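Position one of the sequence shown corresponds to residue 1 (the working numbering), numbered consecutively onward.
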Amino acid sequence: QGLPAGTVMSEYAPGQFEITLTHRDDVLAAVDEAVQFKRLIKGVAARHGLIASFMAKPFTDRAGSGAHLHLSLADGEGRNACASEDPSGTPLLRQAIAGMMATAGESFLVFAPNGNSYRRFQRESYAPVAVSWGVNNRSVSLRIPAGLPASRHVEHRFSGADVNLYVAAATVLAAAAHGIERQLDPGAPVTGNGYAAGTGNGTGAPALPATWHESLERARASAFLREALGEGFLKVFLAIKQQELARFEA
């Protein structure tokens, strides 16, 4: 289908796979390809009488499925502005991370948009439970992967596989800009087991919502989302999620 899958690997749960799509400097093209890929997988599975699920947590006793967004920033000449010999990246990258941390709680409805989404967030589950960052640490929510200095970037690990990638990408970009414009500081990176630190953090970033209902209320009160997504879009998004929550609880 001409879609740029770079790697495919077996994941923790039976029948679970991680697909890595090739980097794009065009955000909309990257998201288009990811959505096309999900539809392709579902279509092929259906031809064989099977179901490919992109629920965040389809089975209670199995690992959930995330959708990790990888972000770097380019300068005017197309060079990676996050590139650094320092494993923790440039000040610009850390400011972007701080923006993602500061806005994570009020943006959580975007990253966990369904009732099932909240089953994924469990300690020692490969899913983040706190607003945290670290270097090559898979127990935090915002991870700077190991790699060559030229490839330095951040992996945003909040979203489940059920996320609307268009809304998530827009929110992540706006959060990065939020941190850069205000020159925010993410604090010290988490070392060791991030789950052992509990759900709190030492940066002053608000804790993550525990329920779909709490996420909805915090999104409704969010000045950041109103600016990032637009008043009209946010109004419709909240109305849809409110109706879905009512149907779920009924």
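Built from N, CA and C at the ideal position, the CB exists for glycine as well. These numbers were taken from a predicted model, which means no experiment stands behind them.
Cβ neighbour criterion (16 or more within 10 Å) applied to residue i
i	result
Glu85	exposed
Ser117	buried
Ser222	buried
Asn137	buried
Glu181	exposed
Met9	exposed
Leu216	buried
Arg247	exposed
Glu231	exposed
Gly76	exposed
Phe17	exposed
Leu148	exposed
Arg79	exposed
Pro14	exposed
Gly200	Any reading at Gly200 must be qualified, since the residue scores a pLDDT of 48, below 50, and its modelled position is unreliable; the value itself is stated next. The residue is exposed, with fewer than 16 neighbouring Cβ atoms inside 10 Å.
Ala45	exposed
Leu73	buried
Arg119	buried
Within 9 Å, strictly: CB atoms of residue i and residue j
i	j	result
Leu238	Arg220	yes
Ala5	Ala161	no
Val167	Val110	yes
Pro186	Ile97	yes
Glu124	Tyr12	no
Arg47	Glu33	no
Thr90	Arg157	no
Ala104	Ala176	no
Leu69	Val140	no
Leu21	Leu3	yes
Leu92	Ala170	no
His178	Gly99	yes
Phe108	Arg218	yes
Ala83	Ala150	yes
Reference residue i; option with closest CA among the options
i	options	result
Pro189	Ile240, Trp133, Ala174, His178	Trp133
Phe37	Glu249, Ala176, Gly76, Ala67	Ala67
Thr95	Thr20, Leu184, Ala112	The residue you asked about is not Thr; residue 95 is Gln in the sequence shown. Of Thr20, Leu184, Ala112, the residue nearest in Cα terms is Leu184.
Pro209	Pro113, His178, Ile19, Leu148	Pro113
Thr7	Pro14, Gln1, Ile19	Ile19
Trp212	Asn193, Gln243, Ser72, Val131	Gln243
Leu225	Phe121, Glu106, Ile240	Glu106
Val135	Leu50, Ala81, Glu155	Glu155
Ala250	Ala150, Gly115, Gly192	Gly115
Ala130	Asn193, Phe233, Val31	Asn193
Val35	Arg119, Asn164, Thr60, Ser72	Asn164
Tyr126	Met101, Ser159, Ala102, Ala150	Ser159
Ala30	Gln122, Arg119, Lys241, Leu71	Leu71
- Message: In chain order, what are the residue ranges of uninterrupted beta strand (DSSP E) at least 3 long that sit wholly in the region 21 to 83?
- Response: Correct list: 69 to 71.
- Counting only runs that start and end within the region 152 to 216, where is the beta strand (DSSP E) found for 3 or more residues in a row? 154 to 156
- Message: Does the region 38 to 49 come into contact with the region 142 to 159, if we say contact requires no fewer than three beta-carbon pairs (one atom in each stretch) closer than 8 Å?
- Response: Between the region 38 to 49 and the region 142 to 159, the count of Cβ pairs shorter than 8 Å is below three; the stretches do not touch.
- Item | 3 or more residues per run - each beta strand (DSSP E) lying fully within the region 109 to 157 | 133 to 135, 142 to 144, 154 to 156
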